[in-house]
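Report on one structure; see the data block that follows.
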Amino acid sequence: MRLKSSVFLLILLFILPGCKPHLGKKVIPSSKNLIKKEAMVVSAHPIASEIGKRVLQNGGNAVDAAVAVQFALAVVYPVAGNIGGGGFMIYRSADGEVASLDFREMAPISSSRDMYLDKNGDVIQGLSLNGHLASGIPGSVAGMFAAHERYGKLEMAELIQPAIEVARDGFAVTSQQAKRLNNFKERFIKNNLHKPVFVKDTPWKAGDQLVQTDLSQTLLRISLSGPAGFYAGKTAELIVAEMAKGGGIISLEDLDGYKVKWRRPLLMNYKNYTLTTMPPPSSGGACMAQILGILKAYDLSQYEFHSPEAIHLIAEAERRAYADRTEHLGDSDFYDVPLEELLDKDYIKSRGTDIDLNKASKSSEIFAGEPRKESEETTHFSIVDKDGNAVSITTTINSGYGSKTVVEGAGFLLNNEMDDFSAKPGVPNLFGLIGKEANAIQPGKRMLSSMTPTIVTKGGELELVVGTPGGSTIITSVVQVFLNISEFGLSTYDAVAKPRFHHQWLPDQIYYEKGALDAATISKLEEMGHTTKERGLIGKVEAIRVLPDGSLEGVADPRGDDSASGY
Ligand code: GLY
């Protein structure tokens, strides 16, 4: 009924362009560190954060705002925002109820364990990453409707409408976005038989308008018909027709059968903090619990931030957690993940007992194998409403612009999440990724993730809403931001902005962002037996901290266009 009553209004809004102020005429500057009394949204794009804030100001709650932000990011942040991907939501109500929603992609019915291998059993390079065969069945649209059905207050159509308008009217791309679109031009051309809207004859530059008419029509169908506007009817037919052009296997039956899962969130205590985060099929919660569980035995606060002693201990804990990740974690609906055993206090304690405070372990002696190399494009947003309800969502199409395949006529990018499965269990593939049984491909299964949307309470009160993109570095980035605040006393801004480091067991290396480690620290770590390697940016964290007077501090990672918006 509610749906029908809004149809007329929606159609009016759609056919009368210009009747509302145009949000995206000019590049909106990002706001990196904001303190507001009532409510806050921090996301990867200023327009999405602004849309979320307006929903909150208009009486929406944190979940309403999250739905609006998810759809808005699908328009203004196509590199990772999506309706063609999936994600995870952690929710905490003002009175302490917690929930986690899994809207991760599923492997299609026709998928199979060896689908990315050639006749010799070797991995076919790029097949799980590029084009039509790389996509899992998208979960984001079902996820938003499920979250809204349980917790939303405003009408769904009202929450999708801003995204429809920005897609229809266009928005000004930022200089980072222009650069990225230019970098991916050849890939877009290669992975599509049509010319997607992201391909322009002349190079993109900051301020150019990106108008997505097909996407606005797809969003309108979703707004008018609910999940059926995506998983059935015209959108579903367009997806299946697109699949046929490039050997893809997502069918109408796959789309019709997609299901979200409400899962019991994973809770862990660290001193007087409680962290609520994602269980499998994410590895994030389990790994974070192991890392923090090992570190709990030490007084980290006695060390300086980014001192060799602190980095050594954190890296040793990370090394052990990632070794377990590779062996034991996958979709618990399909594989018997020994979660209880992995989280057992004594087990975690025992994992840390062989840490030498002065000497690096060797990953080869902790576990055999090679690492999984994960893509780093994903996106996160954090929201707190005026009543104190909190949402932490990490969502992804996997690598930048996903499979780079745009559904012709529907205007959205499909994910390449199938690459998060092990293409060849037991044997490193051409990317040097390890495959293990826990994460082998099976129809209907969800691929292992590192996404770690997290909500932290202190003494039972909301303290921090946090998360980040970054593939395998997601977990260690969330851990670091939390430790930066809880152990090293950094301001929220510094906790997010300061350069990060990362260890993932294999390669046996401490990776660090430019400026994270000075020469003296590097040489001390190397003396201890670590190897170190500078790399590019690690993560883009979106954090909201509740300050002692109850106001909200939003911090948007300075590494990108990320922006906070609140009132
Ligand atoms: N695709 C990145 C992740 O799920 O961890």
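Quick note on the numbering used here: the sequence shown kicks off at 0 and runs consecutively.
By construction, the Cβ of each residue, glycine as well, lies at the ideal position given by its N, Cα and C atoms.
C-alpha of Gly559 to C-alpha of Val455: approximately 24 Å in a straight line. Note that the stretch 143–151 does not touch the stretch 186–198; fewer than 3 beta-carbon pairs, one per stretch, sit closer than 8 Å. Around the Cβ of Thr212, a 10 Å sphere holds fewer than 16 other Cβ atoms; the residue is exposed. In the DSSP secondary-structure assignment, Asp101 is bridged to Phe87 and Lys260.
Check the Cα spacing between Ile537 and each of Arg499, Lys361, Arg262 and Lys523: the tightest is with Arg499. With contacts defined by Cβ atoms closer than 8 Å, Arg445 and Glu104 form a contacting pair. Per DSSP, Ser215 is one residue of the alpha helix (DSSP H) stretching across Thr212 to Ser224. By the 16-neighbour rule on beta-carbons within 10 angstroms, Arg263 is exposed. Contact between the stretch 49–59 and the stretch 111–126 is not established, with fewer than three Cβ pairs separated by less than 8 Å.
Sequence-distant partners of Glu303 (beyond 5 residues in either direction) whose C-beta falls short of 8 Å from its own C-beta, in its chain, are Ala309 and Phe487.
In the DSSP assignment, Met527 falls within the unbroken alpha helix (DSSP H) covering Ala518 to Met527. Residue range Pro307 to His327 is occupied by the alpha helix (DSSP H) that includes Ile310.
Selection Phe102, Leu342 and Asn268 evaluated against Ser139 yields Phe102 as nearest (Cα-Cα). Ranking Asp556, Ala563 and Leu551 by CA distance to the CA of Glu37 puts Leu551 first. The C-alpha of Asn438 lies about 42 Å from the C-alpha of Leu22. Inter-segment contact for the stretch 214–229 and the stretch 265–276 is absent: fewer than three beta-carbon pairs are separated by less than 8 Å. Ser250 and Gly225 have their C-alpha atoms spaced approximately 19 Å apart. Short note on Glu49: C-beta not closer than 7 Å to any heavy atom of ligand 1. With a cut-off of 7 Å, the C-beta of Glu416 is classified as near ligand 1, since at least one heavy atom of the ligand falls inside that distance.
Between ligand 1 and Asn129, a heavy atom-to-CB distance of less than 7 Å is absent. Spanning the alpha carbons of Ser127 and Tyr115 requires a straight line of approximately 7 Å. With 16 or more neighbouring CB atoms inside 10 Å of its own CB, Leu158 falls in the buried class. Short note on Ser363: C-beta not closer than 7 Å to any heavy atom of ligand 1.
No Cβ-Cβ contact shorter than 8 Å links Ala563 with Val464. Within a 10 Å sphere around the beta-carbon of Asp517 sit fewer than 16 other beta-carbons, which makes this residue exposed. Around the beta carbon of Pro202, a 10 Å sphere encloses fewer than 16 other beta carbons of the protein chains shown; the residue is thus reported as exposed. Bridge pairing for Leu412: Val405 [DSSP]. Taking C-beta atoms as the reference points, Asn414 and Ser174 fail to come closer than 8 Å.
Residue environment for Thr352: exposed (fewer than 16 other C-beta atoms within 10 angstroms of its C-beta). Ligand 1 never approaches Met88 closely enough for any of its heavy atoms to be under 7 Å from the residue's Cβ. Of the heavy atoms belonging to ligand 1, none sits nearer than 7 Å to the Cβ of Ile293. Residue state for Asp419 is assigned as helix, using DSSP reduced to three classes. Contact annotation: Phe144 and Gly399 have beta-carbon atoms that are not nearer than 8 Å. In this structure, Met450 has its CB closer than 7 Å to one or more heavy atoms of ligand 1. Counting along the chain, the unbroken beta strand (DSSP E) around Arg534 starts and ends at Thr531 to Arg534. Rounded to the nearest angstrom, the gap between the Cα atoms of Gly466 and Pro307 is 25 Å.
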